[in-house]
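Trainee: When you number the sequence shown by full-length UniProt numbering, it's gap-free, plus one each residue, and the end is 407.
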Amino acid sequence: MTLSPAPPSLLIDPAEPVRNLDPETLSRAIALRDWLVTSAVLMHDPNDLLNGFIAHLQDIGIPIDRAASAIEALHSEYAGVGRFWTREEGTVVRYLPHGDQRGQIYMSSPFAHVNRTGEWLLLDLGTTPDDMFPIVPELKETGYRHYLTIPMPFSNGAKNAISFATRSPKGFDERALLVLRLVIPSFTLVFELRATSSRLDDVLRIYVGEEPHKAILSGAILRGQVTRIRSAILFADMRDYTRISSTLSPEHAVELLNNYFDCLVPPIEDEGGEVLKYLGDGLLAIVRDRGDDTGGAPQAALSAATKAIRRIHAANNEGRFPVPINIGIALHHGDAAYGNVGSGRRLDFTVIGRDVNIASRIADLNKTLGEPLLMSKSFVEHLWGNPVPLGAHQIDGFDEKVEIFRP
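#1: What are the start and end residues of each continuous alpha helix (DSSP H) run of 4 or more residues lying completely inside the stretch 121-203, in chain order?
#2: Is the number of C-beta pairs between the stretch 299-306 and the stretch 329-338 that are closer than 8 Å three or more?
#3: So, helix, strand or coil for residue 115, using DSSP?
#4: Do you know whose CA, among 236, 373, 404, lies nearest residue 381's CA?
#5: Quick one: residues in its chain with C-beta nearer than 6 Å to the C-beta of residue 392, no 5 flanking neighbours on either side, listed in chain order?
#6: How big is the Cα-Cα spacing for residue 205 and residue 27?
#7: Give me the Cβ distance between residue 153 and residue 349, rounded to the nearest whole Å; I'm assuming they're in contact under 8 Å.
#8: Pairs of beta-carbons, one from the stretch 227-235 and one from the stretch 274-288, closer than 8 Å: are there three or more?
#9: I'd like to know whether the C-beta atoms of residue 156 and residue 69 end up nearer to each other than 9 Å.
#10: Looking at residue 364 and residue 396, is the spacing between their C-beta atoms short of 9 Å?
#11: Among the residues of its own chain, which have a CB less than 8 Å from the CB of residue 320, if the five just before and after it don't count?
#12: How big is the Cα-Cα spacing for residue 295 and residue 108?
#13: In this structure, how does DSSP classify residue 307 when only helix, strand and coil are distinguished?
#14: Roughly how far, in whole angstroms, is the beta-carbon of residue 316 from the beta-carbon of residue 325, given that I think they are within contact range, below 8 Å?
#15: Pair every Cβ in the stretch 34-53 with every Cβ in the stretch 171-178, then say whether three or more of these pairs are closer than 8 Å.
#16: Just how far apart, CA to CA, sit residue 83 and residue 323?
#17: Using a Cβ-Cβ cutoff of less than 8 Å, which residues in the same chain neighbour residue 399 once the five nearest sequence positions on both sides are dropped?
#18: Using alpha carbons as the reference points, say which of 219, 266, 341, 38 lies closest to residue 187.
#19: Whether or not the stretch 194-209 and the stretch 73-83 are in contact is what I'm after, with contact meaning three or more pairs of Cβ atoms, one per stretch, closer than 8 Å; do they touch?
#20: Note the first and the last residue of the continuous beta strand (DSSP E) segment covering residue 277.
#21: Going along the chain, which unbroken runs of the alpha helix (DSSP H) with 4 or more residues stay wholly within the UniProt domain "Guanylate cyclase" (232-363)?
Next up, the structure:
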């Protein structure tokens, strides 16, 4: 294994590239650094940022044939994002999973090495033993000469890295390393800005939903602001959850809820709907009206509801729950309103409104009527089929009775 001539942090001697690069290369490297902090910083897609950076390095004469970056993420479904670029295929994005297997792969990689040491790692693949890192044999088989890995520490402590490989017989020479030492700090800064924006976007989307997260990021953060969405409204909850959960440990109760929501949420999302709120053992979701097509959203919501019920039955038959569970779903059509409520520094982007309340109260009738799926008159008016009327019923909080139907 060969280390480059100890290229430690540029902060130790930031003048070294300036002293040792020829004037033309220095000018082009500075132009690349300027591009990073003026143009690349405005790019919203990290793929475009990586592709543009590689193209500029190649224009300077750095023989890059392969590149890969690994950036930590703050996401419930994956631990990081890997971007892999080759001349032949361009950029491919892979989401790096949570879990022990991913950790074992990472700990034996050059990326983990540079993040531990904080120093650059340059492998001369002509002399590097195959067992130095698991990736070495693959790099040799595909004809690479040098493999360079560079740490990209972020200000929040996240440990990230980028690697470059070349098939050029001369590998990465001193000129290439000096150029990279000059521009990598700016590239890291710009990538951190993109990653920070993605983290904020991801976390908000996970915890408040698609549309509310967009509203918050666009500036709808004042208390009292309200947004209305004309839509089919789906309210679902588990029957007898309090009794069932009283016999479970908190860990098993969480597992039950997650398995339960795994039956509900995918059908909703598959039909173009979105979950606005989780409410203990229940959820509130909508399918937006699609322009003048007032029947499309209710039909999609009905399809999602029937699929969810079938999935619950299948999960019961497969023994995925500690005891068989039942679900009640109510469907209504109207305005779902959401806005900022709360006080002081703590606000909640919550769902409110008359039509939301009607949907939740109809769900109270599921057990009374012995039906897993109930619909309001304003919902069935938009359907293409012939629902079965179940009469007019009084619901809590409303003076007038509501006509109820089942599929």
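Note that beta-carbon positions come from the ideal geometry of N, C-alpha and C, so glycine has one too.
Mentor: Inspection of the coordinates gives the following:
#1: 136-141
#2: yes
#3: helix
#4: 404
#5: 401, 403
#6: 43 Å
#7: Actually they are not in contact, since the Cβ atoms of residue 153 and residue 349 sit about 33 Å apart, beyond 8 Å.
#8: yes
#9: no
#10: yes
#11: 259
#12: 55 Å
#13: helix
#14: 7 Å
#15: no
#16: 43 Å
#17: none
#18: 38
#19: yes
#20: 274-279
#21: 241-245, 250-270, 296-318, 354-363
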